[in-house]
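Trainee: The following block contains the structure, expressed as structure tokens.
Protein chains: 2
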Amino acid sequence: MDVSFAVSRTRPGITAEKYPADCPTRTVLTHITSKWGVLVLLSLEQGSLRWGELRREVEGISEKMLASTLRTFEADGLVNRDAQPSIPPRVDYSLTPLGREAALRLLPLMDWIADNAEAMVAR
Amino acid sequence: MDVSFAVSRTRPGITAEKYPADCPTRTVLTHITSKWGVLVLLSLEQGSLRWGELRREVEGISEKMLASTLRTFEADGLVNRDAQPSIPPRVDYSLTPLGREAALRLLPLMDWIADNAEAMVAR
DNA sequence: CAGCATCCTGTTAGATACTG
DNA sequence: CAGTATCTAACAGGATGCTG
């Protein structure tokens with residue numbers, strides 16, 4: 001696979017650069033680290049949530065941004081959308097196995113941030 | 001410490017929400033997951049780099065964004081700036097211990113993205 | 001070489017209103 | 001309840017030129 005990141009970790013010295021602009025990793029990194037991406041992914045990490053629950057969990061997110069973030073992740077195969085055709089409608093969102101893998105890598109980061117954020121901002 | 005993330009992982013049920021809007025974690029998360037934040041942090045993970053080296057490592061970053069990203073991380077205490085008052089000037093950037101901790105949590109994520117990005121984008 | 005100043009653009013995101 | 005539609009605003013980000 002020709003993803004430069006994995007290759008370049010070894011610092012071959014000949015490879016032009018470590019983080020080329022036109023690399024699929026950039027796209028995925030952008031999705032996941034989008035303003036609400038991390039928060040949505042981690043909210044679903046403990047189990048599926050309904051639309052409204054998600055909105056309340058990720059405080060401050062607008063309906064538009066929640067919809068767009070979820071659709072992006074659905075297209076990426078990170079999130080499942082399960083819509084019940086009932087009235088009133090009920091839609092549950094959950095992580096796919098792939099999404100769970102991503103969330104798993106996000107958890108240590110968020111835990112660390114939670115532990116150090118105050119000190120950093122106060123500085 | 002009143003960082004809601006760490007607390008809420010247990011799903012107390014009484015806590016209003018998991019990711020409140022006015023939380024220092026939001027600020028730090030924004031800095032680190034900014035468009036170039038992850039790439040800069042990881043570029044420095046293997047050792048200090050000069051300004052120009054960083055520009056080349058993180059392909060596509062503009063001078064303005066590199067400067068602003070570095071200044072933010074410097075203020076957060078994640079990056080050290082070491083300026084030699086020589087002519088021509090030489091400035092080296094390196095991670096602080098705090099920055100190294102952050103980068104360490106970013107590595108698994110980037111490795112995972114590198115392994116899965118193509119499949120996700122191709123989808 | 002390592003920036004900063006200035007100006008400018010466009011995506012990203014917020015507000016509001018409406019619907020099946 | 002779970003969205004869509006539309007309109008607008010803000011700020012991240014880019015281009016260019018200049019300097020110690």
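So the sequences go chain by chain: A and B.
The UniProt record's numbering applies: residue 1 is where the first sequence begins, and numbers increase by one.
The UniProt record's numbering applies: residue 1 is where the second sequence begins, and numbers increase by one.
Just so it is clear, CB atoms sit at the ideal spot from N, CA and C, and this is done for glycine as well.
Using only alpha-carbon positions, find the residue among W51/B, L39/B, W36/B that is nearest to P89/B.
Mentor: For this step, residue 89/B is matched to residue 89 along the second sequence. If we check each option's Cα against that of P89/B, W51/B comes out closest.
Trainee: What is the DSSP secondary structure of S62/B, reduced to helix, strand or coil?
Mentor: Numbered from 1 along the second sequence, position 62 holds the residue referred to as residue 62/B. Three-state result, S62/B: coil.
Trainee: Quick one: what's got a C-beta closer than 8 Å to L44/A's C-beta in the same chain, skipping five residues either side?
Mentor: Numbered from 1 along the first sequence, position 44 holds the residue referred to as residue 44/A. Once the five neighbours on either side are set aside, the close Cβ partners of L44/A are L54, V79, Y93, S94, L95, G99, A103.
Trainee: In three-state terms, what does DSSP make of L78/B?
Mentor: Residue mapping note: residue 78/B aligns to position 78 of the second sequence, counting from 1. In this structure, L78/B counts as coil in the three-state DSSP scheme.
Trainee: Using the Cα positions of M120/A and K35/A, report the straight-line distance between them to the nearest angstrom.
Mentor: The residue given as residue 120/A occupies position 120 in the first sequence. The residue given as residue 35/A occupies position 35 in the first sequence. Taking the straight line joining both Cα atoms gives about 19 Å.
Trainee: Run the CB neighbour count on E63/B, radius 10 Å, all protein chains shown included, and call it buried at 16 or more, exposed below.
Mentor: Taking the first residue of the second sequence as 1, we reach residue 63/B at position 63. With fewer than 16 Cβ atoms within 10 Å of its Cβ, E63/B is classed as exposed.
Trainee: Look up A83/B in the DSSP assignment and give the residues it is bridged to.
Mentor: Translated into positions along the second sequence, residue 83/B becomes position 83. Answer is V91/B, bridged to A83/B.
Trainee: Measuring straight from C-alpha to C-alpha, what distance separates S86/B and G60/B?
Mentor: Along the second sequence, one-based indexing puts residue 86/B at 86. Along the second sequence, one-based indexing puts residue 60/B at 60. Cα-Cα distance, rounded: 28 Å.
Trainee: Name the DSSP bridge partner or partners of residue 124/A?
Mentor: Past the boundaries of the shown model lies residue 124/A; chain A is included only from 1 to 123, so the question cannot be answered.
Trainee: 9 Å is my cut-off, CB to CB: does N80/A come that close to chain B?
Mentor: On the first sequence, residue 80/A is found 80 positions in, with the first residue counted as 1. Not closer than 9 Å to any Cβ of chain B, the Cβ of N80/A fails to qualify, so no.
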